[in-house]
Each structure stands twice: as structure tokens, then as C-alpha cells.
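Let me begin by presenting the structure, written as C-alpha cells, before commenting on it.
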Amino acid sequence: MNSSAPDGSQPREFTAGGGHGAVPLAGVPTEQAPAQAARREWPLWEVFVRAKRGLSHVHVGSLHAPDADMAVRNARDLYTRRQEGVSIWVVPAVEITASSPDEKDAFFDPAADKVYRHPTFYHVPEGVEHL
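Structure, rendered in C-alpha cells:
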């Protein structure tokens, strides 16, 4: 169904929007509050939580925050409810460099050639305990 805009400009495409009446397919331009626009410019932080002492930090999610202090506070509120964590790390997402899963064979296979990295390469002398 085509309908001309009230000011006589380009016709707009409409569709039935799930029982909500005619909804423009192209979307309706809306003005955002300044706070919402500023929030979109906040950097993305990756959040890592250590559940208890002795365990490794585990990636639990991402969030937007204006700075590291606010990212830690927001991460605490979002990801450590019910005293689930003892330590939180937040890292700017733009600072993370990762290997590609597509290159895993070429990237990780050279480690198999280094037998000295395996404990079976070494001989344990007689009398040595607790190894």
C-alpha cells in the first residue's frame, strides 16, 4: 500500500505491524534524548569475573560505560549478583586482539612440535618427591 506524505513528498511504504496498524517499512525518524545519544558513544567494555579465589577470570559479557571506574561498578551490578564474584576485570573492547578460529590449525599446530613442552619429555630423578 502506498501513501503520500502529508507535505506531498515521496510516497512511503507501509505494512501491518502485528496488529498495531499501518507501520512504515523504512522506520520513523525520531529525536533521541541527549543522554541516549551520549550513551551510544560510550566505549564498549568486556567483563571478566573470577567466581572465587584460585579460579581464573571468565568472560561473562559486555557493557557500555564512559570510563573504567563506571565499567567496574556497572559490571558488579550486572554480573555479580548474590556475591558470585571476588574480582572483576573490565577491558576496553578495542584493546583486545584475538586469533581467528579460521586460522586455528596454522596458529596452534606448531606447539605440537615442541616436545619439551610436555611433562613426559623430562626424566624425574630418583628420590624426588611431590612431582
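Each residue of the sequence shown is one higher than the one before, counting from -3 in the numbering used here.
Note that beta-carbon positions come from the ideal geometry of N, C-alpha and C, so glycine has one too.
- Using a C-beta cut-off of 8 Å, the segment 104 to 122 makes no contact with the segment 54 to 63, since fewer than three inter-stretch Cβ pairs fall below that distance.
- If you look at residue 46, you'll find it in the beta strand (DSSP E) that goes 40 to 46.
- The DSSP-derived three-state label of residue 62 is coil.
- Excluding sequence positions up to five before and after residue 44, its CB lies within less than 6 Å of the CB of 53, 55 and 85, all in the same chain and listed in chain order.
- Here residue 97 carries a helix assignment [DSSP, helix/strand/coil].
- CA-to-CA, the gap between residue 101 and residue 57 works out to about 27 Å.
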